[in-house]
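Q: Structure below; questions to follow.
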Amino acid sequence: MIQLENVTKTYPKASRPSLDNVSVGIEKGEFVFFIGPSGSGKSTIIKLLLHEVAPTRGKVVVNQKDVTTLRSWKVPHFRRSIGCVFQDFRLLPNRTAYENVAFALEVIGKTKAVARRVVPEVLELVGLGGKEHRYPHELSGGEQQRVAVARAFVNRPLILLADEPTGNLDPDTSIEIMRLLDRINRTGTTVVMVTHDSNIVNQMRRRVIEIESGRIVRDQARGVYG
Amino acid sequence: MRVKYVLNEVLVGLWRNVTMTIAMIITMSVSLSMLGASVLLYMQVDQMKDYYYGNIQVSIFLTEDITDGQKEAIDQAITSSDLVKDKKYETKEDALKRFQQLWADTPDFVNAINADSLPESYRVTLKNPEQYKAFADGLQGLAGIRQIIDQSDILEEVFDIFNSIQLASLIVAGFMAVAALLLVGNTIQVAAYSKRREVAVMKLVGASNWFIQAPFVLEAVVAGLIGAILGFAALFIAKVVLLDNKLQALTTILTPIPTGNVVLMLPLLAGVGALVSAVTAWITLRFYLKV
C-alpha cells in the first residue's frame with residue numbers, strides 16, 4: 001500500500017536532511033504509528049505521502065502509484081484516495097458539522113443528493129448523530145476532531161493519515177478518538193498516525209516505527225512507545 | 001450544482017470586497033474606453049485616407065505674365081507624364097466661382113476679390129498621390145509656373161494630428177491598463193487570503209485545480225466584462241453626444257464614424273477585458289495559491 005525506498009528529504013537551507021535514506025513498507029489494512037521527538041522527520045513522512053513535498057532522493061509509492069513522478073495536475077485526483085486529519089482539526093468555522101463534511105464531497109464534484117445520503121451516515125459512524133447542525137465553536141475539541149475524521153473518511157479513502165490527531169485533546173478524549181480510528185482501520189482502511197503521545201501508543205499495541213534525526217531506529221510489529 | 005456553486009462563489013467574492021471591485025471596474029472601463037477610442041480613430045484615419053487621397057489634387061498656379069507658348073509647354077509636360085490620371089485647366093473665372101463657393105459665409109471678403117486677382121491653374125489628379133515629388137520635379141524649370149501645391153502635404157499634417165491623438169489615447173489606455181491589472185492582482189490576493197481555509201481544505205481533499213481557481217478567475221472576468229460594458233457605454237455616449245451633436249462641425253473634416261464601427265467595439269473590449277483579467281488572475285493565483 002505504501003512504500004518508501006531510500007527516501008531522503010533535505011529542505012532548502014537545512015543543515016541536515018529531515019529524512020535520511022529511509023526505507024519502509026506498509027501493507028494494506030495496517031495501523032502504523034510513527035513516533036519520535038519533535039523535528040525527527042515524522043511529519044515530513046505525511047507530507048511526502050500527500051505529495052505536499054517531493055523527496056530529494058528516493059522513491060515514494062502510494063497505492064501502486066509512484067508519487068515521485070506524479071504529474072502535478074494528477075495530484076488532486078491522487079489525494080482523493082487519502083484522508084487526512086491534523087492536530088488543529090482544520091474545520092471551516094462558518095459551516096456546520098454537516099456542511100464541513102459535505103463540503104469535502106461537493107468540491108470533488110459529488111452531488112448534493114450524494115451528500116445528503118452519505119454525510120449523516122458518516123457523522124453517525126463517528127458518534128456525532130444529532131449534532132450535525134452545530135458549528136465548530138459549539139462543539140468540544142474531541143467532537144471537532146470527530147468532524148475532521150468524518151470529513152477525512154466520507155470519501156472512503158484507502159489510507160487515513162493522522163498528524164498528531166490527539167495533540168490538542170485531553171487523555172480521555174484522545175482515547176475516544178483512537179477507538180474511532182481503530183474502528184475505521186477495521187473497515188480495511190490503512191491508518192498511518194504520527195504522534196508522540198506515549199499513552200496511546202502503549203495502549204494500542206500496534207506497529208511502531210521510531211524515527212530519530214531522520215533515520216528509522218526501531219520498527220516493531222506490536223510495539224510500545226519505549 | 002458545480003456551476004451554481006462557482007457562480008455563487010463569484011458573486012460572494014465580488015461583494016465581499018466591494019470597494020476594491022468598484023475601483024477595479026472603473027479603471028478597467030476607463031482603460032478599455034481609451035483603447036476603444038484609439039482603435040476607432042485608427043479605423044477612421046484609414047478610411048479618411050482612402051477617401052481624401054482619392055480626391056487629392058496637385059495645383060499648379062501660373063504666373064500673371066505667362067505667354068501662350070509657355071502655357072503650351074506646361075500643358076504638354078502634364079499630358080505626356082504617365083503619372084497623371086486626370087488634368088483640368090482652371091481659368092480666372094472658374095477660380096472665382098470656386099472661391100465664392102468656398103467663402104460663401106463671408107460675402108464681404110468675396111466681394112473684395114475679383115477674377116483678375118486670382119491666378120489661373122492646372123488641377124492635376126495623380127494616379128498615385130504619393131508620387132507627387134517625381135511629378136513636381138518633372139515640371140521644375142518650366143517658365144510660367146508660380147507655385148506647385150500638393151494637397152497631400154496639408155492632409156499629412158491633419159493625419160499627423162489624428163495619429164498623435166491616437167497615440168496619446170493608447171498611452172493613457174496602457175497606463176490605466178497597468179493600474180487595472182495591479183488592482184485585479186490585488187483583489188485576487190485579498191480574495192485568496194479570505195478564502196485560505198476553504199482553499200486549504202479543497203487541496204487536502206483533492207478538489208481539482210480548476211475547481212479551486214475558477215471562482216477567483218471568474219471573479220476577475222466578471223469585473224473585466226462589467227468594465228468593458230461601461231467602457232463601451234462611455235464610447236457610445238461620446239459618439240452620440242459629442243460627434244453627432246455638440247461637435248458636429250468636426251465632421252466636415254472627420255468622415256462620419258459609422259455606428260456599426262462603434263458597436264464593433266463591444267465584443268472587442270469585452271474580449272480584451274475578460275481575457276486580460278483572466279490571465280492576470282490566473283498568474284496571481286499561481287503565486288498565491290500554489291495549487
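Quick mapping for you: the protein sequence lines, in order, are chains L and S.
For the first sequence, the UniProt record's numbering assigns the number 1 to the initial residue and increments by one for each residue that follows.
For the second sequence, the UniProt record's numbering assigns the number 1 to the initial residue and increments by one for each residue that follows.
The beta-carbon is built from N, C-alpha and C at its ideal position, and this holds for glycine as well.
Remember, predicted model here, so these are calculated numbers, not experimental data.
For L:ARG179, which of helix, strand or coil comes out of DSSP?
A: Correct three-state label for L:ARG179: helix.
Q: Pairing CB atoms from the segment 162-179 of chain L with CB atoms from the segment 86-93 of chain L, are three or more of them under 8 Å?
A: Verdict: yes, contact present.
Q: Where DSSP assigns a beta bridge to S:VAL84, which residues make up the other side?
A: Per DSSP, S:LEU126.
Q: DSSP puts L:THR173 in a beta bridge; with which residues?
A: In DSSP, L:THR173 forms no bridge with anything.
Q: Residues of chain L with CB closer than 7 Å to the CB of S:ARG197, please, in chain order.
A: Going along chain L in sequence order, the residues near S:ARG197 (Cβ under 7 Å) are LEU92.
Q: With 7 Å set as the bound, which would you pick, yes or no: does the beta-carbon of L:ILE108 sit closer than that to a beta-carbon of chain S?
A: Closer than 7 Å to some Cβ of chain S, the Cβ of L:ILE108 qualifies, so yes.
Q: Would the segment 186-196 of chain L count as touching the segment 17-37 of chain L if we require 3 or more Cβ pairs under 8 Å?
A: Contact holds: three or more Cβ-Cβ distances are below 8 Å.
Q: Give me the chain L residues within the contact set of S:ALA200, using Cβ-Cβ distance strictly less than 9 Å, ordered along the chain.
A: Those are ARG90, listed as they occur along chain L.
Q: Quick one: using the 10 Å Cβ neighbour count with 16 as the cut-off for buried, is S:PHE211 buried or exposed?
A: Flag for S:PHE211 reads buried.
Q: Does the beta carbon of S:LEU11 come closer than 7 Å to any beta carbon on chain L?
A: Output row for S:LEU11: interface = no.
Q: Please classify S:ASP116: is it buried, with 16 or more other beta-carbons within 10 angstroms of its beta-carbon, or exposed?
A: Its Cβ having fewer than 16 others within 10 Å, S:ASP116 is exposed.
Q: On a CA-only basis, which of S:VAL172, S:GLU120, S:VAL18, S:GLY206 is nearest S:GLN147? Give me that one, please.
A: Comparing Cα positions, the closest option is S:GLU120.
Q: Contact defined as beta carbons within less than 8 Å: I believe S:LEU225 pairs with S:GLY273. What is the distance between those atoms, to the nearest angstrom?
A: S:LEU225 to S:GLY273, Cβ: 6 Å. Contact.
Q: Among S:MET20, S:LEU243, S:GLU93, S:THR79, which one has its Cα closest to the Cα of S:ALA37?
A: Measuring from the Cα of S:ALA37, the nearest candidate turns out to be S:LEU243.
Q: Which residues, in chain order, does the UniProt domain "ABC3 transporter permease C-terminal" (171-285) of chain S contribute to contact with chain L at a C-beta distance below 7 Å?
A: Of all residues in the UniProt domain "ABC3 transporter permease C-terminal" (171-285) of chain S, ARG197, GLU198, ALA200, VAL201, MET202, LEU204, VAL205, GLY206, ALA207, SER208, ASN209, PHE211 have a Cβ within less than 7 Å of some Cβ in chain L.
Q: Distance cutoff 7 Å, beta carbons only. Does L:ALA104 sit that close to anything in chain S?
A: Cβ-Cβ to chain S under 7 Å: yes for L:ALA104.
Q: Helix or strand or just coil, what does DSSP make of S:THR67?
A: Looking at S:THR67 - three-state DSSP - the assignment turns out to be coil, as it is neither helix nor strand.
Q: For S:TYR53 and S:ASP153, what's the separation of their Cα atoms in angstroms?
A: Each residue's alpha carbon lies about 11 Å from the other.
Q: Spell out the partners DSSP gives S:SER121 in its beta bridges.
A: Per DSSP, S:PHE61, S:GLU90.
Q: Assign S:VAL12 to buried or exposed, taking buried as 16 or more other Cβ atoms, counted over all protein chains shown, within 10 Å of its Cβ.
A: Classification of S:VAL12: exposed, given that the 10 Å Cβ count is below 16.
Q: I'd like to check one pair, L:SER43 with L:ASN63: are the Cβ atoms closer than 7 Å?
A: Contact flag unset, no.
Q: Give a yes or no on whether the C-beta atoms belonging to L:HIS51 and L:VAL61 are separated by under 7 Å.
A: Cβ distance not < 7 Å, so L:HIS51 and L:VAL61 don't count as in contact.
Q: Ignore the nearest five residues each way along the sequence and tell me which others in S:VAL221's own chain have a CB closer than 6 Å to its CB.
A: The residues are ALA274, SER277, ALA278.
Q: In three-state terms, what does DSSP make of L:GLY109?
A: Three-state result, L:GLY109: coil.
Q: Using DSSP's beta-bridge definition, name the partner residues of L:PHE103.
A: None, per the DSSP bridge assignment.
Q: Which parts of the segment 43-103 of chain L are runs of the alpha helix (DSSP H), unbroken and 4 residues or longer, counting only runs that do not cross its ends?
A: Fully enclosed alpha helix (DSSP H) runs of 4 or longer: 75-79.
Q: For S:TYR5, go through chain L and note every residue whose CB falls closer than 7 Å to its CB, in chain order.
A: Those are GLU106, listed as they occur along chain L.
Q: Rounded to the nearest angstrom, what separates L:PRO157 and L:PHE78 at their Cα positions?
A: Rounded to whole angstroms, L:PRO157 to L:PHE78 spans 10 Å at the Cα level.
Q: What number of angstroms, rounded off, separates the C-alpha of S:TYR193 from the C-alpha of L:GLN220?
A: Spanning the two alpha carbons is a distance of roughly 44 Å.
Q: Is S:LYS239 helix, strand or coil when you go by DSSP?
A: Correct three-state label for S:LYS239: helix.
Q: Is S:ALA223 buried or exposed, if buried means 16 or more other CB atoms sit within 10 Å of its CB?
A: By the 10 Å Cβ count, S:ALA223 comes out buried.
Q: Taking the alpha-carbon of L:ASP15 as reference, which of L:GLY39, L:VAL22, L:LEU4 has the nearest alpha-carbon?
A: Asp is not the amino acid found at residue 15 of chain L; the sequence shown has Ser there. Comparing Cα positions, the closest option is L:GLY39.
Q: Would you say L:PRO120 lies against chain S (beta-carbon separation less than 7 Å)?
A: Judged by the 7 Å Cβ criterion, L:PRO120 is not in contact with chain S.
Q: Run the CB neighbour count on S:ALA168, radius 10 Å, all protein chains shown included, and call it buried at 16 or more, exposed below.
A: Exposed: under 16 other Cβ atoms inside 10 Å.
Q: Report yes or no: is there a C-beta of chain S within less than 7 Å of the C-beta of L:PRO136?
A: Taking Cβ atoms only, chain S never reaches closer than 7 Å to L:PRO136, which makes this a no.
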